[in-house]
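As numbered in the working numbering, residues 1 to 550 make up the sequence shown, in order.
Read through the structure below, which is laid out as structure tokens, and then see the notes.
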Amino acid sequence: MRYEVENTDGVREVSPLMGKDNNISYTRDNERRYDFKKEIKEITFQGDDFKYFLSIEQGDDRCKLHTFRIYNDCQSQLPDDLKFTGTFSSSDGKWDIDRCTVKFKVKNLDDYTCMDDSDDDINLFDLGLDTYSVDMGITIGYVYDTEERVGDTYFYKDIIMYLICPCDYDPGDAWTLFDACDGTTKRYIREIPQLNNGGKIVYDSNFHQIDNGFDLKEALQALLDETCGGGTTIVSEFFQWNAPYPSDINYVTGELNKYKFIRLFQKSDVKRPNVSNNATKAETTFKKLLEAVCKTYNLGYQNRDGEFRIEHISWFEKNLGIDFTKSKKNEFRLKGTRKYSYDAQKLPKFEKFSFMEAGSADFVGADIWYDSNCVNNDEENKSENSTEIITTDVMYCIENGDSESENVSDDGFVLIACDEEGNILYEPGILDSAAIINNTLSWAHLHRDLWKHGRVLEEGYLNNELTEFASTVPTIKQDKFNVLLECFQIRSFEPLDQLRSTLGWGFIQAAELSLIDCTLTIDMNLEKIVSKNPEDVFGDFDSDFDPDFD
């Protein structure tokens, strides 16, 4: 390994004191991020390196930032392989003047640091983005019996909302049919109790459009540029954003892509589409909006080589990496390692989903759940998937248009799926008969189309129906073990790849690479166990059961 420090003085090769504290650890605490975070606890310097850093500590520029890098340089004919980057300053040091040593706590620096460190909300309206309108395909208006005016505010009594829609549209049981289909349209009405109980609206003519929205890709790209300084392009085959191979077919559903034209609205503009004073604040961070979008569509993301990729979880390749059972050097290390348990945290009985707000059955959704003794059947054994800042129930927002509504706040965002001409999509209901605008993005429809991947068991209940799922998460937890990596394996090691141990192919949950002896300690989960012969106490070390390896 080769170590260097770079600062305003230039680049200096250093020789840190080797020990467990400067092992490289690999962790992945965000299931939506398809990358591992690399960290080292601290690094210790002595001798000439200590003198160098002490001179900076005692100088006029002690607060300068040092960038610390670790390279794998064991294959001289190949370029050095960067294994870790971090930063520290003199203030991160523990100084021992008597022993002439200093220990620095190192902060990880990677492609996600800028977004992880950015907590300040950004107003999308300050970023110079184009705005878009969408057409609801229905017309909504209000009628009322009496009107009172106090200053510039109109108060209305006995308010009735009406809806004119195509004959095949079903707004749900909350609406009463008033005029039957005339061959093209029909009319529904409903009372708005919260408005009749001291509420207020700004009256205008009926409306069928919602304006002042953003294109989701443009919003995310602008937030990323503002947060990380530019130079990284968002790409997605799922959404068809900057896709190298354009397609009208979505690779998850195998059908026409319903997610190519997604608009993002500040929620007050959806609650009150008929007002003249649109929203001027739509504040969020890149990370918050990204995570909410991923939780909606069952997506993951990865930032590499100038491309920030956002895809469905099924897209991320599960490459086969190192097969340690084929290594004679690891035969002794792997003996007695066929020990496992089950990762209880990944075996919830109920998987719950929620938007910031939702009204009708399809948007509220139903739990995905499992009728099996393979999960913990405690009623409290559940996982939560909450989008936090996003809702998709457009009609529920409009029906609760009062700025002081207790049901739908003015804060947050609304995601809307539309076609290329800006018409909001809708389709037949699933949990009820209602065909409500934007139900393409209801939990019921999202579950049916996008959430059969990454489930707890191979079979469970989705939309209240027993369903066979497309893929499951690995829940078999092998006891921690360690292996020796050769130089070329350190260079090619990718913690996202599947690795083969004595129980079969599995996925790293956490790992630690010792820079002293090149051993890798692994926490690994498997989807299934391949080696099952209890009489073979050492395990099968190759696929053809060669006795030389057993």
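All C-beta atoms, glycine included, are put in the ideal place defined by N, C-alpha and C.
| request: Identify whether residue 361 lies in helix, strand or coil by the three-state DSSP scheme. | output: helix
| Beta-carbon proximity of residue 169 to residue 159, cut-off 8 Å | no
| residue 18 - DSSP class collapsed to helix/strand/coil | coil
| message | Looking at the strands, I want to know which residues DSSP matches up with residue 166. | response | DSSP, once it has assigned bridges, lists 185 as partnering residue 166.
| Which value, in whole angstroms, describes the spacing of the CA atoms of residue 199 and residue 271? | Note on residue 199: pLDDT 45, under 50, position unreliable in the model; the coordinate value appears next. Distance between the alpha carbons of residue 199 and residue 271 is about 14 Å.
| query | Are the segment 221-228 and the segment 279-298 touching, with three or more C-beta to C-beta distances below 8 Å? | reply | yes
| message | Run through the DSSP bridge pairs and tell me what residue 430 is partnered with. | response | Listed as beta-bridge partners of residue 430 by DSSP are no residues whatsoever.
| said: Under 8 Å: do the segment 170-190 and the segment 213-225 share three or more Cβ pairs, one atom per stretch? | reply: no
| Beta-carbon proximity check, residue 450 vs residue 312, cutoff 8 Å | yes
| query | In whole angstroms, what separates the C-alpha of residue 6 from that of residue 69? | reply | 8 Å
| residue 398 vs residue 134 beta-carbon contact at 8 Å | no
| said: Suppose the cutoff is 7 Å on Cβ atoms and the five residues either side in sequence are ignored; what does the same chain contact list for residue 123 look like? | reply: 281, 282, 283
| task | Pull up the distance between the alpha-carbon of residue 392 and that of residue 442, whole angstroms please. | result | 7 Å
| DSSP three-state call for residue 270: helix, strand or coil? | helix
| query | If we cut at 8 Å on Cβ distances, does residue 167 have a partner in chain C? | reply | You won't find chain C in this structure, because it holds only one protein chain.
| query | Per DSSP, residue 565 is paired with what? | reply | What the structure shows of the chain is the stretch from 1 to 550, and residue 565 is not part of that stretch, so it cannot be assessed.
| query | Under the three-state reduction of DSSP, which class applies to residue 394: helix, strand or coil? | reply | helix
| Considering only residues of the same chain and omitting the five flanking positions on each side of residue 202, which have a CB-CB separation below 6 Å? | Model confidence at residue 202 stands at a pLDDT of 45, short of 50, so the residue's coordinates are unreliable; what they give is reported in the following sentence. Excluding positions up to five away in sequence, the list reads 275.
| For the alpha helix (DSSP H) that contains residue 53, what are its first and last residues? | 47-57
| said: Taking 7 Å as the limit between beta carbons, can you name the residues of its chain near residue 524, skipping five residues before and five after? | reply: 478, 499, 501, 506, 507, 508, 509
| request: Keeping to the same chain, check which residues put their C-beta closer than 6 Å to that of residue 64; ignore five residues upstream and five downstream. | output: 7, 8
| said: Measuring alpha carbon to alpha carbon, tell me which residue in 515, 104, 111 is nearest residue 231. | reply: The residue with the shortest Cα to Cα distance from residue 231 is 111.
| query | Does the Cβ of residue 160 lie closer than 7 Å to at least one heavy atom of the ligand ZN? | reply | Absent from the structure shown: the ligand ZN. Ligands present: none.
| field | Among 213, 28, 222, 255, the one whose alpha carbon lies nearest that of residue 267 | value | The shortest CA-to-CA distance from residue 267 to any of 213, 28, 222, 255 is the one to 213.
| message | Quick check: the Cα distance between residue 165 and residue 269, rounded to an integer number of angstroms? | response | 21 Å
| Can you tell me whether DSSP reads residue 142 as helix, strand or coil? | strand
| query | Under a three-way DSSP split, which group does residue 386 fall into? | reply | strand
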